[in-house]
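Here is the structure we will look at.
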Amino acid sequence: MADKHTAPATRPRAVRELLVYLKPYRWQLVAAFIALSASSALFFMIGYGLSKLTNLISASGGADLKNLDRFMLVAYAVLCGYALGLFIRNYLMRAIGERVGVALRQEVFDQLVQRSPGFFDRNGHAELQTRITGDAQALQSVIGTAVPNGLHYGLLLVAGAAFAILTSVKLSLIVLACIPLIFLPGALLSGRVDHLAAERQSAQAAGGAHVAEMLRNVKTVQAYQHGRQASGRYARLLEKLLGATWRSIRLEAWLTTLTSFMAYAALSVVIWVGAREIVSGALTLGNLVGFVFYANLATTAAAQLVSVYVTLRNATGAVSRLLDLRDETETPIGELGGVCPKPALIELDDLHFRYPSRPDQAVLEGCHLHVNEGEMLALVGPSGSGKSTILDLLQMFYAPQRGEIRVGGVPFANLDPEQWRKRLALVPQMPELFSGTVLDNLRLGAPDADERMVRAALATAQILDLVESMPQGLLTDLGQDGLRLSGGQRQRLALARALLRDPALLLLDEPTSALDPESESAVQRALDASRPGRTTIVVTHRMETAMRADRIAMLHRGRVVAAGTHAQLMVACPSYAGLVQLEMSQGPGPGAITAGEAPQALASAAEYTAPALL
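Pasting the structure below:
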């Protein structure tokens, strides 16, 4: 299945997308902008007051206490207004940033859960998690901090330049000549900023993926004493991250240093020229104080805008990657709104398939098989022969590169995948449970099931007594990934979940591999009782399980090499008979030799076919 990628999200496109997300909050944005403008204007009044106060003192030869007291009261009122405007601006912008970040995360997550398993084969789970959290955090930082700071410093720059010009045109020309030099380093190094930001985010994702993998497999890590090697690799990944971060910090430090140097160099020239103007009588001391205040605001704002620019470049790069993840499309399997027949005769016709993550390894090569309506078919064969892959294809997780699957004569390409999956239920070899209660996990595929139906499914799966013995029964919390249950308990709960859905097609992938012989026998009897009116396909390495099926298909190297009833295969397929004899010689139960453990018994299977039985 080939993916289709939209064009990568460029920064202009990322900005346009952000405007779409910001549209519902336009009135809050207007209020934030008014507060920002008001606080900036009040801040400028401080400079105006300093100028007037200096001129007043200079003209009178001393301080008028009444005027000084009045000035301080006005100054405090201005500062209170400035602080209030600052609070409103920061509160509104941070709140908007959080809401937009949550909305984008939700959109990306909604898209991710619709992706085919092939997408996750190509993209690491931990890396995707890092992107949906870290990159979204970058978006929140852009809206909550970088954007308001950019607007604030932009207003200070414009207003500072305007007031400076009104105070002294000559000095203003000096400042205006220096401002382009302040922006020059940022413009020249923007490409390097982008490169280092991408390098740092990639290193961060790799480190997160390693941590997630090691913690997920901590038992294996400890059992094989792999902790030191894992720590060593993590240290190397951290060094790589630290190196990328250090290079980024060093570049940003140079940018800040250069821009600040240019800003204060311009300011020193202004003071020098202004002092000469005062001596010549062309400028008053108060006007110079006011001009220095305005010029300092303008040059400092220009320097800060370079820093904001760097932050925006880093953040919009992260947002672009998040948008790419959201907008990536795949070639659909099936047809939305297509037909959805009841599972009838299922036909696999000359299937050829390779997993997207292993394109050089053929899993199915010319696989032919049919499954009759209402029958139980067992798939046996060595590991890697394609048994579980057939279940994946039947769930429309992947599409074969060649060949066709039909149900009731209708090609899979014409089926609606969502509607088709509603008719299925899967019990995987490694049952996947979720955080939440027993009832939450059981109702995953049947949210409207009542308690009577739930208890019936639990009883059929031979786990009702265990659930009733739990502290809170069906409302007992299972913990993350259901880790409070043993492997066998997890498998039986997964079986109960599948039975509760009452599927027309039941797919079982080693459904009793983690059960003790007594529980396995009970579950087998329960499965036998639930078979009428349902098509069942079971992947198994246990001949005892296979012998209960109506028909058995043996796979080897991606092909069905023999198919028929147990009695037929015992006569017509020596390799199958050998597997049965090997298991019986070891006795029933989990200790029996499996098909995957007896490759010598399958040596002749590659050459053997029984087309009449397929």
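Counting from 556, one number per residue, gives the positions in the sequence shown under the numbering used here. Glycine residues also receive a C-beta, built at the ideal position from the N, C-alpha and C atoms. Values in this document were obtained by computation on a predicted structure and should not be read as measured data.
- Cβ-Cβ separation between glycine 652 and glutamine 695: approximately 4 Å, consistent with a contact (criterion under 8 Å).
- Ranked by Cα distance from leucine 932, the first of Arg1089, Leu878 and Gly640 is Arg1089.
- Under a 10 Å Cβ-count criterion, threonine 1015 is classified as buried, with 16 or more other Cβ atoms of the shown protein chains found around its own Cβ.
- Counting only the Cα atoms, valine 766 lies some 30 Å from isoleucine 698.
- Judged by pairs of C-beta atoms under 8 Å, the segment 846 to 863 does not touch the segment 670 to 677, as fewer than three such pairs exist.
- At the C-beta level, glycine 872 and alanine 752 come within 8 Å of one another.
- Within the same chain, Cβ atoms closer than 6 Å to the Cβ of proline 983 are found at Asp1064, the five residues on either side in sequence being excluded.
- Secondary structure note for histidine 1121: it is in no beta strand (DSSP E), and the uninterrupted alpha helix (DSSP H) holding it is 1121 to 1127.
- Setting aside the 5 residues that flank it on each side, serine 606 is surrounded in the same chain by Gly841, Asn842, Val844 and Gly845, each with a C-beta closer than 7 Å to its C-beta; the list follows chain order.
- When only Cα atoms are considered, valine 730 and serine 723 end up about 11 Å apart.
- Between valine 861 and valine 825, the C-beta gap is not smaller than 8 Å, which leaves the two residues out of contact.
- Cβ-Cβ separation between histidine 1121 and methionine 1139: approximately 13 Å, too far for a contact (criterion under 8 Å).
- The segment 589 to 596 and the segment 629 to 641 touch, with no fewer than 3 CB-CB distances between them shorter than 8 Å.
- Ranked by Cα distance from threonine 685, the first of Tyr1131, Ser990, Phe664 and Glu902 is Phe664.
- A distance below 8 Å separates the beta carbons of arginine 868 and aspartate 749.
- As the crow flies, the alpha-carbon of valine 1093 is around 13 Å from that of leucine 979.
- Residue Val993 holds the alpha-carbon nearest to the alpha-carbon of glutamine 1027 among Ala1053, Val993 and Gln1017.
- Assigned with DSSP and collapsed to three states, isoleucine 1092 falls in strand.
- Per the coordinates, the alpha-carbon of methionine 1098 lies some 43 Å from the alpha-carbon of glycine 763.
- In terms of Cβ geometry, leucine 1040 and leucine 1048 form a close pair [threshold 8 Å].
- Counting of Cβ neighbours within 10 angstroms places proline 1087 among the exposed residues, the total staying below 16.
- Following the DSSP letters along the chain, one finds valine 865 in no beta strand (DSSP E) but inside the alpha helix (DSSP H) bounded by residues 840 to 882.
- Ranked by how close their Cα comes to the Cα of arginine 568, the residues Leu878, Pro986 and Ile1107 have Leu878 in first place.
- Looking from the CA of alanine 760, the closest CA among Ala586, Ala830, Gly689 and Tyr864 belongs to Gly689.
- The continuous alpha helix (DSSP H) containing aspartate 995 extends over residues 993 to 997.
- Scanning its chain for C-beta atoms nearer than 7 Å, with the 5 sequence neighbours on each side dropped, one finds around valine 828 the residues Leu726 and Ile729, in chain order.
- Across the structure, arginine 783 and glutamate 794 are spaced so that their CA atoms are roughly 16 Å apart.
- Judged by DSSP secondary structure, histidine 925 falls within the beta strand (DSSP E) whose first and last residues are 919 to 926.
- Annotated as distal: phenylalanine 952 and isoleucine 960, with beta-carbon spacing of 8 Å or more.
- In the DSSP assignment, valine 982 falls outside any alpha helix (DSSP H) and lies within the beta strand (DSSP E) extending over 979 to 982.
- By DSSP's assignment, aspartate 904 forms a beta bridge with Glu959.
- Bridge pairing for valine 1115: Leu1110 [DSSP].
- Straight across, the Cα-Cα distance linking alanine 758 with alanine 820 is about 38 Å.
- Taking the Cα positions, aspartate 1105 is about 17 Å away from cysteine 1128.
- Straight through space, the alpha carbons of leucine 934 and arginine 1112 are spaced by roughly 13 Å.
- In this structure, the CA atom of alanine 808 is about 21 Å from the CA atom of glycine 709.
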